[in-house]
Amino acid sequence: MGSTLVEESGPVRAAARACAREIEDYFSRVVAELDVLAERLVDVCAGVGTGATGERPTAADIVAVAGPPTRAMLHRLPLFGGGFVAAPGFLADQHLYLAWWQGEEQQLLAQSTVSGSGDPLDYSRLEWFHRPIATGRVHVTGPYVDYVCSDESMLTTTTPVLVAGAAVGVVGADTLLDTFESLMLPAVRAAGATVVNQANRVVLSADPRVPPGRLVAGPAQAGEQPGVVPCRGLPLTVLTG
Numbered sequence: 005m006g007s008t009l010v011e012e013s014g015p016v017r018a019a020a021r022a023c024a025r026e027i028e029d030y031f032s033r034v035v036a037e038l039d040v041l042a043e044r045l046v047d048v049c050a051g052v053g054t055g056a057t058g059e060r061p062t063a064a065d066i067v068a069v070a071g072p073p074t075r076a077m078l079h080r081l082p083l084f085g086g087g088f089v090a091a092p093g094f095l096a097d098q099h100l101y102l103a104w105w106q107g108e109e110q111q112l113l114a115q116s117t118v119s120g121s122g123d124p125l126d127y128s129r130l131e132w133f134h135r136p137i138a139t140g141r142v143h144v145t146g147p148y149v150d151y152v153c154s155d156e157s158m159l160t161t162t163t164p165v166l167v168a169g170a171a172v173g174v175v176g177a178d179t180l181l182d183t184f185e186s187l188m189l190p191a192v193r194a195a196g197a198t199v200v201n202q203a204n205r206v207v208l209s210a211d212p213r214v215p216p217g218r219l220v221a222g223p224a225q226a227g228e229q230p231g232v233v234p235c236r237g238l239p240l241t242v243l244t245g
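Quick note: to get our numbering, add 4 to the position in the sequence shown (first position is 1).
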């Protein structure tokens with residue numbers, strides 16, 4: 005892909021917009037499922053049903069509430085994993101805690117450790133956690149290699165869980181990069197496009213010579229313009245030209 009974005013033809017523009025809408029549709033379905041999960045967690049995170057009003061929940065409380073809607077989400081959508089990640093110090097019995105189900109068996113991963121040390125992993129500075137906490141909005145992180153849960157190339161969608169206006173953690177869902185490619189590559193090829201994240205790193209490209217993760221020249225300004233179609237509500241952009 006060249007470093008200069010050029011004016012494209014009407015059909016190419018239409019194909020790029022169709023590609024962006026397809027990406028938006030996929031992530032809107034993911035976010036809708038995450039919203040359901042977050043709603044289920046609000047009461048327990050507010051202390052309702054945990055023994056006393058205002059009492060902080062335990063890890064077991066979170067697993068009991070988050071498990072059923074997370075498994076249902078993984079059944080309905082082509083996701084690799086999902087669940088809830090608590091804000092550090094929020095739970096009554098764990099300082100750091102992930103209630104995350106993943107894989108074909110929907111196995112519960114409860115708390116991750118730093119490889120080789122056995123120490124709990126401080127995920128608070130990882131993009132998929134801190135960005136939605138900081139902005140209060142949905143975020144898509146990736147592509148990146150998920151060393152926390154799977155060692156796979158991943159796109160992770162996360163959104164904050166808010167109780168009385170304060171973020172108590174995030175709910176999220178993992179899409180394997182291979183899965184995203186299989187779903188979106190026909191639309192990307194039809195537009196001759198490259199999909200990039202907010203850092204202008206490639207997520208997916210019609211050009212096989214442009215691998216995921218490569219830094220490319222992006223738009224000089226925000227918004228739709230020749231060669232540029234933003235995905236609405238997402239940190240993703242479709243580039244052509």
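Even glycine gets a Cβ: it sits at the ideal position worked out from N, Cα and C.
From this set, the options, which residue's C-alpha is nearest residue i's C-alpha?
i	options	result
Phe31	Ala42, Leu81 and Glu156	Leu81
Asn204	Val220, Thr198 and Thr179	Val220
Leu181	Leu159, Gly245 and Val67	Leu159
Ile66	Ala24, Gly231 and Val165	Val165
Gly14	Leu102, Tyr101, Gln229 and Glu59	Gln229
Pro136	Val89, Tyr148 and Val152	Val89
Arg17	Arg193, Leu38, Leu238 and Leu45	Arg193
Gly93	Pro61, Ala68 and Ala70	Pro61
Glu109	Ser128, His79 and Leu189	His79
Leu125	Arg141, Val152 and Tyr148	Val152
Measuring only the C-alpha atoms, how far is residue i from residue j?
i	j	result
Pro212	Ala195	14 Å
Asp47	Ala91	16 Å
His143	Val174	10 Å
Ala247	Asp97	One cannot answer for residue 247 here, as it falls past the ends of the chain, which runs 5 to 245.
Ala56	Glu26	Only weak support exists for where Ala56 lies, its pLDDT of 48 falling under 50; the coordinates are left without a value.
Ser119	Val172	Caution applies to Ser119, whose pLDDT of 47 falls short of 50 and renders its modelled position unreliable; the model cannot decide the point.
Thr74	Ala19	34 Å
Val40	Thr179	18 Å
Gly231	Pro215	19 Å
Leu238	Leu189	18 Å
Glu185	Glu59	44 Å
Arg141	Val149	23 Å
Gly267	His134	Since the first and last residues shown for the chain are 5 and 245, residue 267 lies out of range.
Ser128	Gly169	19 Å
Ser121	Ser154	Bear in mind that the predicted position of Ser121 carries a pLDDT of just 48, short of 50, making it unreliable; the figure below should be weighed with that in mind. The straight-line gap from Cα to Cα measures roughly 17 Å.
Gly222	Ala24	16 Å
Pro72	Gly227	39 Å
Taking 8 Å as the CB-CB limit, is residue i close to chain C?
i	result
Gly176	In the structure shown, chain C does not exist; there is a single protein chain.
Hey, could you find the ends of the beta strand (DSSP E) residue i is sitting in?
i	result
Ser128	Premise fails: Ser128 is in no beta strand (DSSP E) and is neither H nor E.
Gly71	Premise fails: Gly71 lies in the alpha helix (DSSP H), Ala63 to Arg80, not in any beta strand (DSSP E).
Pro164	Ser157 to Val167
Ala103	Leu102 to Gln106
Thr145	His143 to Val149
Gly245	From DSSP, Gly245 is part of no beta strand (DSSP E); its letter is neither H nor E.
Gln202	Element bounds for Gln202: n/a, residue is neither H nor E.
Phe88	Gly85 to Ala90
Gln110	No beta strand (DSSP E) contains Gln110, which DSSP labels as neither H nor E.
Since I believe residue j is in contact with residue i (beta carbons under 8 Å), could you give me their beta-carbon distance rounded to a whole number of angstroms?
i	j	result
Leu112	Trp105	5 Å
Ala22	Ala191	6 Å
Met77	Ala210	That belief does not hold up - the Cβ atoms of Met77 and Ala210 are roughly 30 Å apart, past 8 Å.
Ala197	Leu243	6 Å
Asn201	Gly245	The Cβ separation is near 18 Å, so there is no contact.
Ala42	Ala114	No, Ala42 and Ala114 are not in contact; Cβ-Cβ is about 19 Å, not under 8 Å.
Leu45	Val69	6 Å
Just to confirm before moving on: does the CB-CB distance between residue i and residue j stay below 8 Å?
i	j	result
Glu156	Phe84	yes
Val206	Gly217	yes
Val34	Thr161	yes
Leu102	Gly87	yes
Arg236	Glu37	no
Val199	Leu187	no
For the alpha helix (DSSP H) holding residue i, just list the boundary residues, first then last.
i	result
Val192	Leu181 to Ala195
Gly14	Gly14 to Cys49
Say the cut is 7 Å; is the CB of residue i nearer than that to a heavy atom of the ligand NAP?
i	result
Leu180	Looking at this structure, you won't find the ligand NAP or any other ligand, since it has none at all.
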